[in-house]
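**Q**
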């Protein structure tokens, strides 16, 4: 990680408003020459008129954005009884955006109550604006692998603890239950995952982030040749052309029309329903015996942590650390075993080696074959026991 990424790095601040005649519009921004075309449809998600407040993470070119939305009742007939605005920022990295959430929430309320008062936003931009590096487009990877340490309390990327509120990961796992194991496999296989949900969209943006965390690998050299698994966060119909060129992503939307665009995604998640129209992936939606065992262990570890916190006043270890480290260790275990088999005199995957990965030789066979192909282990031989089981 280069030092500039750890500092304040706001490249733009803006206000978006809903106009009853012209729809969503960019009301104000700094710097004035910033290309913010289309940001008005990202900062106010489709269907936001149904909620009073929301927040939205999104991608804009090579930048990531965070906008806070608010909807206030007014007596103005011109505004048809409602004033809706969003105040947002852009940065090369999404990992630091959350620290400005409360500021943006406060500013959008001010914009609703006293429209046109931009001096706090101007001061904020002058204080936080980024000095971008001379080379590079500002893109950062999701959950950088080299930031992971051995100890649980030091395994988190330092900004990652800021990027989500307490309970984000635990809520994610409680929401999906055992289905988390299906999402874990699909994330590790770098599939294109699209999550649908009506507004509010903020909590769904956190699910996008959590999906990315499932695919972390900290072993050197692993995954360098596979597509990068980056979060797109909130997307709308204007992003269709960009998504068409993506080999791997996870995103969320409030627009139901995306479900019909089956060439844009591999997996569609509607509430807790994970589905695919690709025949080759359908068997992966079924939980294996090993999946259920891993989920049981995860639940058990969480209960042990909660007990420890209650009994000993342990405020250092967190559920977030536990969950992220659980999947990191599982992923490392798989690739550590694959590396050992590949380097052995008899590079053949057997039932024993598959079990050593924490996988089910029968139920996870298709997942394993996909994994070998994607990560370049296609020179490994597969035991007939696995092929014919």
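Residue numbers (full-length UniProt numbering): 1 to 389.
Note that beta-carbon positions come from the ideal geometry of N, C-alpha and C, so glycine has one too.
Roughly how many angstroms separate the alpha carbons of residue 74 and residue 244, rounded to a whole number?
**A** Near 41 Å, if we compare the C-alpha coordinates of residue 244 and residue 74.
**Q** I want to check one thing, is the minimum distance from the CB of residue 352 to the heavy atoms of the ligand FMN below 7 Å?
**A** What this structure holds is no ligand at all, so the ligand FMN is not there to describe.
**Q** Go ahead and pull the three-state DSSP assignment for residue 378.
**A** Here residue 378 sits in coil by DSSP.
**Q** Comparing C-alpha positions only, which one of 290, 177 and 71 sits nearest to residue 367?
**A** For residue 367, the nearest C-alpha among the options comes from 290.
**Q** Assess contact between the stretch 172-181 and the stretch 26-40, defined as three or more Cβ pairs (one per stretch) separated by less than 8 Å. Is contact present?
**A** Segments in contact, no.
**Q** Who does residue 369 pair with in a DSSP beta bridge?
**A** BP columns for residue 369 are empty, so no partner.
**Q** Do residue 252 and residue 208 have their C-beta atoms within less than 8 Å of each other?
**A** Yes; because the gap between Cβ atoms is below 8 Å, this pair is in contact.
**Q** Is the distance from the Cβ of residue 276 to the Cβ of residue 197 below 8 Å?
**A** Cβ distance not < 8 Å, so residue 276 and residue 197 don't count as in contact.
**Q** I'd like the list of long-range same chain contacts for residue 176, defined as Cβ closer than 7 Å, with 5 residues on each side in sequence excluded.
**A** Result list for residue 176: 183 and 272, in chain order.
**Q** Measure the C-alpha to C-alpha separation of residue 325 and residue 173 and round it to an integer number of angstroms.
**A** If I take the Cα positions, the gap works out to 14 Å.
**Q** By how many angstroms is the C-alpha of residue 351 removed from the C-alpha of residue 68?
**A** Approximately 51 Å, taken between the alpha carbons.
**Q** Nearest-angstrom Cα distance between residue 50 and residue 248?
**A** The straight-line gap from Cα to Cα measures roughly 31 Å.
**Q** By Cβ distance below 7 Å, which residues in the same chain neighbour residue 274 in space, the five residues on each side in sequence not counted?
**A** Within the same chain, residue 274 has close Cβ partners 179, 182, 183, 267 and 285.
**Q** CA-CA distance, residue 214 and residue 83?
**A** In a straight line, the C-alpha of residue 214 is about 39 Å away from that of residue 83.
**Q** Assuming residue 288 and residue 360 are in contact, meaning their beta carbons sit under 8 Å apart, how far apart are those beta carbons, in whole angstroms?
**A** Confirmed, Cβ separation roughly 4 Å.
**Q** Throw me the rounded Cβ distance for the residue 331 and residue 217 pair, which I believe falls under 8 Å.
**A** Sure, about 5 Å apart at Cβ, within 8 Å.
**Q** How about residue 255: is its C-beta nearer than 8 Å to some C-beta of chain C?
**A** No chain C appears in the structure shown, which is made up of a single protein chain.
**Q** To the nearest whole angstrom, what separates the beta carbons of residue 112 and residue 85, a pair I think is in contact under 8 Å?
**A** With a Cβ gap of about 6 Å, residue 112 and residue 85 count as contacting.
**Q** Between the stretch 8-16 and the stretch 86-104, do three or more beta carbon pairs fall short of 8 Å?
**A** Flag = yes, the stretch 8-16 and the stretch 86-104 touch.
**Q** For the beta strand (DSSP E) that residue 268 lies in, which residues bound it at each end?
**A** Note, residue 268: beta strand (DSSP E), 267-270.
**Q** In angstroms, rounded to a whole number, what distance separates the CA positions of residue 152 and residue 357?
**A** Residue confidence is low: residue 152 scores 32 on pLDDT, short of 50, so the model does not pin down where it sits. Its coordinate-derived value is still stated next. Spanning the two alpha carbons is a distance of roughly 21 Å.
**Q** Excluding the 5 residues preceding and the 5 following residue 136 in the sequence, name in chain order all residues of the same chain whose CB lies nearer than 6 Å to its CB.
**A** Note that residue 136 has pLDDT 40, beneath the 50 cutoff, so the model's placement of it is unreliable and the number below is only indicative. Correct list: empty, nothing qualifies.
**Q** Since I believe residue 124 is in contact with residue 13 (beta carbons under 8 Å), could you give me their beta-carbon distance rounded to a whole number of angstroms?
**A** Right, the Cβ-Cβ distance comes to about 6 Å (below 8 Å), so this counts as a contact.
**Q** So what's residue 281 in DSSP terms, helix, strand or just coil?
**A** Residue 281 falls in the coil class under three-state DSSP.
**Q** What are the uninterrupted segments assigned as beta strand (DSSP E) that are 3 or more residues long and contained completely in the stretch 11-39, given in chain order?
**A** Within the stretch 11-39, the complete beta strand (DSSP E) runs of at least 3 residues are 12-19 and 23-30.
**Q** Drop a sphere of 10 angstroms on the beta-carbon of residue 80, count the other beta-carbons inside from all chains shown, and report buried for 16 or more, exposed for fewer.
**A** Classification for residue 80: exposed.
**Q** Does the Cβ-Cβ distance between residue 187 and residue 41 come in under 8 Å?
**A** No, the Cβ-Cβ distance between residue 187 and residue 41 is not below 8 Å.
**Q** Using the Cα positions of residue 107 and residue 55, report the straight-line distance between them to the nearest angstrom.
**A** Their backbone Cα atoms lie some 13 Å apart in a straight line.
**Q** Under 8 Å between the Cβ atoms of residue 376 and residue 199?
**A** Contact: no.
**Q** If I measure Cβ to Cβ from residue 371 and keep anything under 6 Å in the same chain, skipping five residues before and after, which residues do I get?
**A** Excluding positions up to five away in sequence, the list is empty.
**Q** With a CB to CB cut of under 8 Å and the five nearest residues on each side skipped, what residues in its chain are close to residue 261?
**A** For residue 261, where only same-chain residues beyond five positions count, the Cβ hits under 8 Å are 240.
**Q** Which class does residue 195 belong to by DSSP, given the choice of helix, strand or coil?
**A** In the structure shown, residue 195 sits in a strand (DSSP, three-state: E or B).
**Q** Please classify residue 413: is it buried, with 16 or more other beta-carbons within 10 angstroms of its beta-carbon, or exposed?
**A** The first residue shown for the chain is 1 and the last is 389, placing residue 413 beyond what the model contains.
**Q** Let's see if you can read the secondary structure: which residues bound the alpha helix (DSSP H) around residue 202?
**A** 202-213 is the extent of the alpha helix (DSSP H) around residue 202.
**Q** Out of 96, 98 and 87, point me to the one whose CA is closest to residue 120's CA.
**A** The option with the nearest alpha carbon to residue 120 is 87.
**Q** Considering only C-alpha positions, which residue in the set 365, 318, 235 and 21 is nearest to residue 280?
**A** That would be 365, whose Cα lies nearest to the Cα of residue 280.
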